[in-house]
Amino acid sequence: MREMTYARAIEDALAEAMEADERVVVFGEDVRALRMNLFVRFGPRRVRNAPISESAFLGAAVGAAMAGLRPVAELIMIDFLAVAADALVNQAAKVEAFSGGRWKVPMVLRAGCGGGYGDGGQHEQALWGWLAHVPGIKVVAPSTPADAGGLLTAAIADEGPVVFLEHQLLSEDWLDYLGAGGRTTVSYDVPAAGRRGEVPDRWEPIPLGEAAVCRTGSDLTIAGVGVGIHRAAEAASLLAGEGLSASVIDLRSLAPLDRGAVVADVRRTGRLLVVDEDYRDFGLTGELAAALLEAGLAPRYARVAVEGTIPFDPARERAALPSVERIVSGARRLLA
Amino acid sequence: MLVCRRVEEAIAVLWHDGRISGEMHLGIGEEGINAGVLDHLGEGDAVALDHRGTAGMILRGVGIAAVVGECLGSPRGLCGGMGGHMHLYSKERLAASSGIVGAAGPAACGFALAAQHLRPGRIAVAFFGEAAMNQGMLMEAMNLAAAWELPVLFVCRDNGMAITTPSPSVTGGDLEERARGLGVPGTTVDGADVESVWEAARGMIDRARGGRGPGFLRATCVRPDGHFLGDPLLRIARKPLAELRPRIGPLASAATASEGASIGERVAGLGEIASILGRVARTQLGSGRDPVARLRNRLGIPSDALAKLESEVEALVATAMEEALRPEPGAGTGAG
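For the protein sequence lines, the chains are Y and A, in the order given.
The number in my numbering is simply the position in the first sequence, starting from 1, with 254 added.
The number in my numbering is simply the position in the second sequence, starting from 1, with 29 added.
Here it is, written out as structure tokens:
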């Protein structure tokens, strides 16, 4: 076992994939500065700076994947996908279906996501529910270094388009690039287990669509992804002090979604609390409620999600994102 | 060229008979552009087509019956009936179409990027209309191709109409200059003259194969079917009395209703509609710029040899149509 930060785990897994397969190429905005180590190691052909033209280089990633490469195209943040949604929604997601299954698009779209460092509501959205809504795209959002490397390894090996969302609060690279900018005068509430942790000596793919049960309890199931899962784990510890026992399930992938893991746990606990840094409406929280109803369960249910545009003001930003306090109070209501 | 013409005429019959659902965009009138460019392509070259891709697929060697079958939605079609005429994909021929205006640009960049890595000396061609030149993703793609010195030929088939809007009324500047401004040298040819197209394409394709970057070829054309079969402006231009009759009443009410723009503006509005119709009648009707007829005259083939050639083509197309229309095994009346 090695120990690594979230950002180094992603870089290490990507380097291992580039070493193993020369069809893996990296391009996107600022990648030579942001991925300096990869650029120096693999050279200018395999690590290319793209113009700030998301439509062009994401569309090119689709074509390149169709024609034999395995591109890892990088958007600085998933928010910017909105200017290039066609490449993902109408091209990458459709090729396999439209071609009758004969042509696949083995590309990875890598992008930062998520808030908690004060960048405002246009630069720290989660948006995974929006992406997972579209058939033909896989979406993963790792919450630990080990999961980040393992899921990236699986994403690069996958035959279909995969969106790999790395949380900007967990990645020290993003946090410095976007938040601190070299300052020591700002601080963030970064969950320690997400920022740094043990990783395997060689990367093994973590199957896309497989949840991880972080903690097993008997009174309540808490499910979510990303930083939300760390907040949930902290909330579960507090609840345990009050004699309340909660399971915590890290879904890890939004699409495919491990509905089975949640259904199985809720069948035992009879209660589900969904924690989501994405918007509440038409998203993960409602999807899990639907999964339970479809499985014939009628549990007690609550959700802690983002209910409007994420405010810039750090105090209001904290209140908008799922916090330990909101999760604990949601859980208490369910258990009352 | 003649094969494409006859196949697309047969597809038009199927569409008029109600055998094909939805829109139908044919390339009748642009055979000189398709043939003049695609004649230069070989194994390993890639093509990104737009919504008007049937002829391009056939010229790249995809079976006629497979293309027609796909237009019909048949399980035996090129994509098993999942794509339809706007979404034709042949992995073997590295040919892909898309129904999103401008999407061929980024796709061709990706194909060309893969060629740079995996198939040096091979190129990619993007086909699109002049209206796609106003799509951001296409302009971005041209810049990307220039910046990365990608072997792409951008082929703009210019019929002067953006669906039913005269292109000059929604286009600023000159398209060749625009391409040049993005770093892509270009030229304009008469698309009805296959030899001119062939000659111009040869130079640009040789240049791209030699690693000297992308080119832009604007080829003018007239499409007697307009944007799609049943084009409303062409219907009016061809049968003004019958087509205008149901529209006169609402137009007269709009022109005389009590609230709205000034009388002067209303008269000008009616004048503009009349001028668009006049422009369509003037530029899109008439057979003077038919590339097939022009080539037939140019070649000066003796009439008996010509008749023999034409009957061979007709027999080829008839056989393919029969195959495409053969009822599914075990099905009642075939695809509807």
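Ideal Cβ positions, reconstructed from N, Cα and C, are used throughout, including at glycine.
Interface annotation, Met272/Y: not in contact with chain A, CB-CB separation never under 8 Å. Residues of the segment 158–188 of chain A that bring their beta carbon within less than 8 Å of a beta carbon in chain Y comprise Gly165, Met166, Glu169, Ala170, Asn172, Leu173, Ala176, Trp177, in sequence order.
DSSP lists Gly451/Y as the bridge partner or partners of Met258/Y. Within its own chain, the residues whose Cβ lies closer than 8 Å to the Cβ of Arg256/Y, once the five positions on either side in sequence are excluded, are Glu452, Val453, Pro454, Asp455, listed in chain order. Within chain A, the residues whose beta carbon sits less than 7 Å from that of Asp340/Y are Ile129, Ala132, Met166, listed in sequence order. Closer than 8 Å to the CB of Val529/Y there is not a single CB belonging to chain A. Taking the beta carbon of Ala77/A as reference, the chain Y residues within 9 Å of it are Gly317, listed in sequence order. Judged by their CB atoms, Phe245/A and Gly278/A are not nearer to each other than the 8 Å cut-off. Listed along the chain, the chain Y residues whose CB falls inside 8 Å of the CB of Cys108/A are Phe352, Ser353, Gly354, Arg356.
Put simply, the segment 150–159 of chain A touches the segment 122–140 of chain A. At least three CB pairs are less than 8 Å apart. Buried is the label assigned to Ser126/A, since at least 16 other Cβ atoms lie within 10 Å of its Cβ. For Phe334/Y, the closest C-alpha among the options Ala446/Y, Gly375/Y, Ala400/Y is that of Gly375/Y. Separation of the CB atoms of Ala327/Y and Leu363/Y is rounded to 6 Å, and the pair is thereby assigned contact status at 8 Å. For Val279/Y, the nearest CB of chain A lies under 8 Å from its own CB, placing it at the interface with that chain.
Within its own chain, the residues whose Cβ lies closer than 8 Å to the Cβ of Glu561/Y, once the five positions on either side in sequence are excluded, are Tyr533, Arg534, Ala574, listed in chain order. Contact of Gly297/Y with chain A is not assigned, every C-beta pair being separated by 8 Å or more. For Asp340/Y, DSSP records no beta bridge to any residue.
Counting along the chain, the unbroken alpha helix (DSSP H) around Ser304/A starts and ends at 292–313. The way I'd put it, the segment 346–359 of chain Y does touch the segment 110–129 of chain A; three or more beta-carbon pairs between them come closer than 8 Å.
Bounds of the beta strand (DSSP E) holding Ala77/A are 75–78. Shown here for Val346/A: same chain residues with a beta carbon closer than 8 Å to its own, the five before and five after excluded, namely Val32, Arg35, Val36, Ala39, Ile93 in chain order. By the CB criterion at 8 Å, Val251/A and Asn188/A fall inside the cutoff. By the Cβ criterion, the segment 377–394 of chain Y is in contact with the segment 332–351 of chain Y, since at least three pairs of Cβ atoms, one from each stretch, lie closer than 8 Å. Contact of Asn344/Y with chain A by beta-carbon distance below 9 Å involves Ser127, Gly128, Ile129, Ala132. In this structure, the alpha-carbon of Gly112/A lies about 24 Å from that of Ala64/A.
At a cut-off of 8 Å between beta carbons, Gly390/Y makes no contact with chain A. Of the residues Ala170/A, Glu224/A, Leu147/A, Ala303/A, the one whose Cα lies closest to the Cα of Leu280/A is Ala303/A.
Sixteen is the threshold: when 16 or more other Cβ atoms of the shown chains lie within 10 Å of the Cβ of Phe183/A, as they do, the residue is buried.
A direct Cα-Cα distance of roughly 8 Å separates Gly480/Y from Glu531/Y. Look at Met331/Y here: in three-state DSSP terms it is strand. If you draw a straight line from the Cα of Glu205/A to the Cα of Gly282/Y, it is about 28 Å long. For Phe183/A, the uninterrupted beta strand (DSSP E) segment begins and ends at 181–187. Secondary structure note for Asn63/A: its alpha helix (DSSP H) is the uninterrupted segment 60–67.
Residue His146/A holds the alpha-carbon nearest to the alpha-carbon of Val279/Y among Ala271/A, His146/A, Gly131/A, His54/A. If you compare the alpha carbons of Leu55/A, Gly51/A, Ile62/A with that of Ala229/A, the shortest gap goes to Ile62/A. Only those residues of the segment 357–384 of chain Y whose C-beta falls short of 7 Å from the nearest C-beta of chain A are listed: Trp357.
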